[in-house]
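Below is one structure; the comments refer to it alone.
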Amino acid sequence: MFDYRKAAYAQEILKKKIKLQPFKGSINLVAGCDLTFLNPFKTPTEGIAAFVILKYPELEVVERVYATGKITIPYVPGFLAFREIPLLIRAFRMIKKKPDVIIVDGHGIVHPRGLGIAAHLGVVLNVPTVGCAKKPLYGRFNMPGKQKGNYSYIFDKYTNEKLGVVLRTKDNVKPVFVSPGNLTDIETAGNLVFSTVTSYRLPEPTRLAHNFLREIRKKFL
27 MFDYRKAAYA QEILKKKIKL QPFKGSINLV AGCDLTFLNP FKTPTEGIAA FVILKYPELE
87 VVERVYATGK ITIPYVPGFL AFREIPLLIR AFRMIKKKPD VIIVDGHGIV HPRGLGIAAH
147 LGVVLNVPTV GCAKKPLYGR FNMPGKQKGN YSYIFDKYTN EKLGVVLRTK DNVKPVFVSP
207 GNLTDIETAG NLVFSTVTSY RLPEPTRLAH NFLREIRKKF L
């Protein structure tokens, strides 16, 4: 049985290992990762984790990998990482051309305990990560303007600390919620996500990872 108290304690420990800083070096390869389930309404179930690695800034795909495995932990908001990270790590280890930074489909430090899946993954792998989520999870913010490129900041609702940005990636379309995970900062996170957006709402790395998962999932059904 999953112990939520121990998981929350582990998050507090891992949170202390997060390093928020401007990205060091140049970005030549950027990855997007995502995970899906054969039966999302059942636990345990089989999961599929995927990474798509792109040349940056050209956004040309250079590698795609995936891993499958059993998911035994149920989904609980705030503890998503414990459900998904083991399989994501397995897929990451299959990558031949290691990325300079990973964009994760989920939150970074915008999290009740400051450790969303992007931050958790970044700390465990000791790699730069950025979280880009479709829905809000934590914090207070005002909605940005409706034009592409408009943004507003996300603040901690208790400390007023700046945590991330709400970013409009397409005119009159719902924004995404961006925050640093590890070895990046808010500016790096926002700029990277915006620079990897084309004509879609989601940045290419995570959008292509999601599409790759759909392609793979069909083979198992």
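If you count by our numbering, then the sequence shown holds residues 27 to 247, one letter each, in order.
Heads up, the beta-carbon is just placed ideally off N, CA and C, and yes, glycines get one too.
Predicted model, so just to flag it, every value in this text is computed and none were measured.
query = Apart from the five residues on each side of it in sequence, which residues of its chain come closer than 6 Å, Cβ to Cβ, to Y226?
reply = Counting only Cβ-Cβ distances below 6 Å, and skipping sequence neighbours, we find R233.
message = Whole angstroms are fine: how far does the CA of K183 sit from the CA of P66?
response = 31 Å
task = Select from L193, G175, F167 the residue whose C-alpha is nearest the C-alpha of N186.
result = F167
query = Straight-line CA distance for G69 to T94?
reply = Checking the sequence shown, residue 69 turns out to be Thr, not Gly. Answer to the nearest angstrom: the Cα atoms are 15 Å apart.
request  = Ignore the nearest five residues each way along the sequence and tell me which others in F246's own chain have a CB closer than 8 Å to its CB.
outcome  = L64, E72, I74, T94
message = Is E72 close to the ligand NAD? I mean its beta-carbon at under 8 Å from any heavy atom of the ligand.
response = What this structure holds is no ligand at all, so the ligand NAD is not there to describe.
request  = Between the Cα of R243 and those of T224, Y92, P100, C158, spot the shortest distance and give me the residue it belongs to.
outcome  = Y92
inquiry  = Could you tell me the alpha carbon to alpha carbon distance between I53 and F77, rounded to whole angstroms?
reply    = 17 Å
query = Cα separation between V156 and M27?
reply = 30 Å
Neighbour-count burial assignment, I135, 16 or more Cβ in a 10 Å radius = Buried is the label assigned to I135, since at least 16 other Cβ atoms lie within 10 Å of its Cβ.
query = Under three-state DSSP, which class holds P206?
reply = strand
key: Buried or exposed (CB count within 10 angstroms, at least 16 for buried), V219   = buried
request  = Between the Cα of Q47 and those of A215, D211, H236, E230, spot the shortest distance and give me the residue it belongs to.
outcome  = For the options A215, D211, H236, E230, the alpha carbon positioned closest to that of Q47 is the one of D211.
ask   = Which two residues bound the contiguous beta strand (DSSP E) that contains I79?
value = 71-81
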